[in-house]
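Numbering (the working numbering), first residue to last: 3 to 225. Glycine residues also receive a C-beta, built at the ideal position from the N, C-alpha and C atoms. Remember, it's a predicted structure, so these values are computed and weren't measured experimentally. Okay, so here's the structure we're looking at.
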């Protein structure tokens with residue numbers, strides 16, 4: 003926002019939405035409001051630019067990372083994001099939304115629009131990666147019960163290091179995460195066991211651990 007007040011900018015959101023759709027033909031921009039008396043109050047906004055959507059469908063592997071972060075300022079909220087992985091293993095933005103709070107309901111709203119944009123039917127060919135975002139796991143189970151849902155290794159390590167810190171353990175964990183075959187992964191996990199048995203037990207005691215590692219991802223022929 004370069005000039006004007008926050009309220010003035012919020013009042014022009016529909017103009018902004020129309021400009022996005024005009025400049026990016028085929029884009030999806032959805033604004034949801036709630037009525038308070040005679041006034042429409044902003045609640046949520048979803049954006050999926052046509053170029054990003056087509057770029058993901060044409061050139062990215064079927065893996066989608068989901069995350070949320072806080073919006074700070076006089077009108078707080080949450081930003082929800084969906085990000086893909088391109089042929090260079092770089093992040094590829096797909097869609098984002100601004101919502102009032104991170105919850106099962108707001109994730110369902112975001113995911114329904116994303117599913118419609120990407121024409122996801124059963125979800126069998128996709129992998130979703132996330133942390134344990136508030137309401138996200140039940141939202142995915144509701145909308146895409148057959149999809150593969152895996153944990154982000156970075157977030158897994160943040161939880162892991164609170165009880166098992168150290169550079170050596172961090173390197174072994176990430177080596178296991180980068181393993182592309184099950185024998186390679188098992189060898190790295192054995193290294194973990196030899197280095198710190200309690201750390202190894204911590205990882206093995208979590209059902210989400212295997213689902214964070216690369217060797218358990220499906221093979222894609224998209225690129």
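Supposed close pair residue i, residue j - CB separation, criterion 8 Å
| i | j | result |
| --- | --- | --- |
| residue 100 | residue 81 | 6 Å |
| residue 79 | residue 102 | 5 Å |
| residue 145 | residue 114 | 7 Å |
| residue 197 | residue 174 | 6 Å |
| residue 104 | residue 137 | 6 Å |
| residue 129 | residue 97 | 17 Å between Cβ atoms; not a contact. |
Local Cβ density within 10 Å of residue i, reported as buried at 16 or more and exposed below that
| i | result |
| --- | --- |
| residue 30 | buried |
| residue 14 | exposed |
| residue 131 | buried |
| residue 3 | With a pLDDT of 47 at residue 3, under the threshold of 50, the predicted position of this residue should be treated as unreliable, though the coordinate-derived value follows. Under this definition residue 3 is an exposed residue. |
| residue 72 | exposed |
| residue 108 | buried |
| residue 190 | buried |
| residue 123 | exposed |
| residue 220 | Confidence in residue 220 is poor, its pLDDT being 46 and thus under 50, which makes the residue's placement too unreliable to answer from. |
| residue 310 | The displayed coordinates of the chain run from 3 to 225. Any statement about residue 310 would go beyond what the structure contains. |
| residue 152 | buried |
| residue 119 | buried |
| residue 201 | buried |
| residue 87 | buried |
For residue i, the three-state DSSP class (helix, strand or coil)
| i | result |
| --- | --- |
| residue 51 | coil |
| residue 1 | What the structure shows of the chain is the stretch from 3 to 225, and residue 1 is not part of that stretch, so it cannot be assessed. |
| residue 30 | strand |
| residue 45 | strand |
| residue 35 | strand |
| residue 63 | coil |
| residue 68 | strand |
| residue 7 | coil |
Contact set for residue i: own chain, Cβ-Cβ below 6 Å, skip 5 residues either direction
| i | result |
| --- | --- |
| residue 224 | Bear in mind that a pLDDT of 42 at residue 224, under 50, signals an unreliable position, so the model cannot answer this. |
| residue 165 | none |
| residue 93 | 85 |
| residue 157 | 133 |
Spatial neighbours of residue i in its chain, beta-carbon cut-off 7 Å, leaving aside the 5 residues before and after
| i | result |
| --- | --- |
| residue 204 | 162, 165 and 166 |
| residue 16 | 33 |
| residue 125 | 146, 148 and 149 |
| residue 28 | 52 |
| residue 141 | 106, 109, 110 and 113 |
| residue 77 | 8 |
Other residues of its chain near residue i: CB distance less than 8 Å, five sequence neighbours each side excluded
| i | result |
| --- | --- |
| residue 45 | 34, 35, 36, 101 and 102 |
| residue 195 | 202 |
| task | Could I get the ranges of all uninterrupted alpha helix (DSSP H) runs contained in the region 73 to 124, with 4 residues as the minimum, in chain order? | result | Unbroken alpha helix (DSSP H) stretches of 4 residues or longer found wholly inside the region 73 to 124: 106 to 120, given in chain order.
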